[in-house]
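Asker:
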Amino acid sequence: MSGAVDFDPERHLDAMAPALGLTITAGQRPGVLQFLAIAQRMAQIAETCPLDDDALDLAPVFRPGAAGSDAS
Amino acid sequence: MSIDVFAPAHVLASRVIRGEVSAAEVTEAFLTRITALNPRVNAFTDVTAGRAREQARGIDQDRAAGKRLGPLAGVPFAAKNLFDIAGLPTRAGSKINRERPPAARDAVLIERLSAAGAVLLGGLNMGEYAYDFTGENAHDGPCRNPHDLARMAGGSSSGSGAATAAGLAPISLGSDTNGSIRVPGSLCGVFGLKPTYGRLPRTRSFPFCDSLDHLGPFARNVTDLALAYDLMQGPDAADHACTQRPVEPALTPLQDGVSALRIAVAGGYFETEGMPEATAAVAAVAKALGAKGKRDIPGAAISRAAAFLITNSESSAFHLERLRERPDDFDPDTRDRFLAGALLPAGWYVQAQRARRWFHDEMTKLFADVDLIIAPATPCPAPLIGQKTLEIRGETLPLRPSLGLFTQPISCIGLPVALAPVTSGALPIGVQLIAPPWREDLCLRAAYALQDSGICEARPPSGPASIACEP
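So the protein sequences, as listed, match chains S and Z. Numbering that gives the first Met the number 0 numbers the first residue of the first sequence as 0 and each following residue consecutively. Numbering that gives the first Met the number 0 numbers the first residue of the second sequence as 0 and each following residue consecutively.
1. Under 9 Å, do residue 330/Z and residue 66/Z count as touching if we go by C-beta distance?
2. For my contact list, residue 227/Z and residue 170/Z are in at a C-beta cut-off of 8 Å; report their separation, rounded to the angstrom.
3. Report yes or no: do the stretch 103-111 of chain Z and the stretch 142-149 of chain Z share at least 3 C-beta pairs separated by less than 8 Å?
4. Within the chosen definition, does the stretch 346-354 of chain Z reach the stretch 307-319 of chain Z through at least 3 CB pairs nearer than 8 Å?
5. Is residue 213/Z helix, strand or coil by DSSP?
6. Which chain S residues sit within Cβ distance under 8 Å of residue 307/Z?
7. Give me whichever residues DSSP pairs with residue 293/Z in a beta bridge.
8. Would you call the stretch 356-366 of chain Z and the stretch 126-134 of chain Z in contact, with 3 or more CB pairs under 8 Å?
9. When you compare the stretch 34-51 of chain S with the stretch 31-48 of chain Z, are there three or more beta-carbon pairs, one atom per stretch, that lie closer than 8 Å?
10. Give the straight-line distance between the Cα atoms of residue 60/S and residue 190/Z, rounded to the nearest whole angstrom.
11. Against chain S, with Cβ distances strictly below 9 Å, would residue 292/Z count as a contact?
12. Output the distance between the C-alpha atoms of residue 51/Z and residue 416/Z, rounded to the nearest integer angstrom.
13. Under 7 Å between beta-carbons, which chain S residues line up against residue 338/Z? List them in chain order, please.
14. For residue 34/Z, which of 165/Z, 114/Z, 88/Z and 404/Z has the nearest alpha-carbon?
15. Figure out for me which residue from 81/Z, 59/Z, 202/Z and 97/Z has the closest Cα to the Cα of residue 74/Z.
16. With burial defined as no fewer than 16 other Cβ atoms inside 10 Å of the residue's Cβ, what is the status of residue 467/Z: buried or exposed?
17. For residue 79/Z and residue 210/Z, which I take to be in contact (beta-carbon distance under 8 Å), what is that distance rounded to the nearest angstrom?
18. Excluding the 5 residues flanking residue 429/Z on each side, which residues of the same chain have their C-beta closer than 6 Å to its C-beta?
19. Output the boundary residues of the alpha helix (DSSP H) element that contains residue 60/Z.
20. May I ask you to list the residues that DSSP assigns as paired with residue 204/Z?
21. Got a sec? Which residues, its chain only, sit under 6 Å from residue 302/Z by beta carbon, not counting five neighbours each side?
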């Protein structure tokens, strides 16, 4: 995540949009860049979370089997 | 027979059950009011008049036959148009979804309220695909605030807040991913409940962000809110996130009071300097509930950031094909956020899901010695429709993401929240009553105590710019 400080919304958009098959017009570009910049600030805040190195406790947990089967 | 459209739903139901008024008369009164006011408020996108009349007739026939009626007999309600309504395409505030085939069956929560005798009046306006805090919508037009028609209703459950505030539906259903029940509840001045994540089944509703989507009710009265909530509880196997917990009634302990509860005001991230209406509302609620001091909520900013990233990533991935094929058919105000979200690095998303778990665990520690937390719901009362920025703590910020400043950290970890409206000036503003997971009963007890003391009230719109003025 350390690369987040070097994040350039313009370069990121130009690289990622074609990779995802998205066409972003000149009219859409300022708005998309604004929200990419906000997202980058949010990523920097999330990065300050004091997590243990060995903690990979993701909030969503996948439970195999039919819904409710673990309660029976 | 006169019908008071602002009467509590449970009072209306009692009158129908006792035969003082028929369900058909109640239904007609509300349909007439919708015809008169909806062109100004724009809360309803679909009015299901035929279905409502047929259901009302059935209720009256059941009564005449001596059958036992449900606890919401004849009570009108309406649902945000991301809930499936049999016979209608589930538009979810979008243009694209109107091409979907009509829903074959109602959403589970509509079925549960209908089974209790409530009468569905229609589908309600909302921000496109629920990515909204304003109530503006490029396809259906803005939903207007019943207290001041030039102002936002708040979103994304804009029609739900506005319809219930305007006396068009005593109970309405909405969804809340980052604040979409609590923001319109605050701006429109009605009570709302965002239950614990996983409490109410989302089956047959159009998703926004699976990790964070909640459904819940709005009402003008806390007893109605608790009653509707209780009637909608219970597992449903088709929603993978829905709890297997049994129904845990909130109505029974509603009047137990708050004297035994340890109540604190949220500090730190939730401070309201420079936000006079929010400051006054939190102070009034804290005093009335006997709150003991302030508690910092370390990590709230991290939680808000996590909610932003999870929402942006999941929702954009969900809509990726539509963004590729039909970007011009999106509302421009939501499209640019979705396009940006589609481009986010996976590492940001995974970090957000780790941070979410961490903040949940931190809040669990805080709840070891606190039962209820009071926090502001919105930084301000309803902004003007079309407003693009908000001044918050001396900074000019984009309005759309900023209206959820105080709601996002809480829904990120799925805590139950009751939204209680305070009216001190011309416009209402709401306060969040936040409890530990699965303790909706505590949120609602506090909301009831505030209603009982007169501090919180869903006041009928009466100002010179409201629906009470002549068109």
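Every residue gets a Cβ at the ideal spot worked out from N, C-alpha and C, and that includes glycine.
Answerer: Quick look at the numbers:
1. no
2. 5 Å
3. no
4. yes
5. strand
6. 37, 38 and 41
7. 264/Z
8. no
9. no
10. 32 Å
11. no
12. 31 Å
13. 21, 23, 27 and 31
14. 165/Z
15. 59/Z
16. exposed
17. Residue 79/Z to residue 210/Z, Cβ: 19 Å. No contact.
18. 184, 185, 376, 418 and 420
19. 48-63
20. 82/Z
21. 358, 408 and 411
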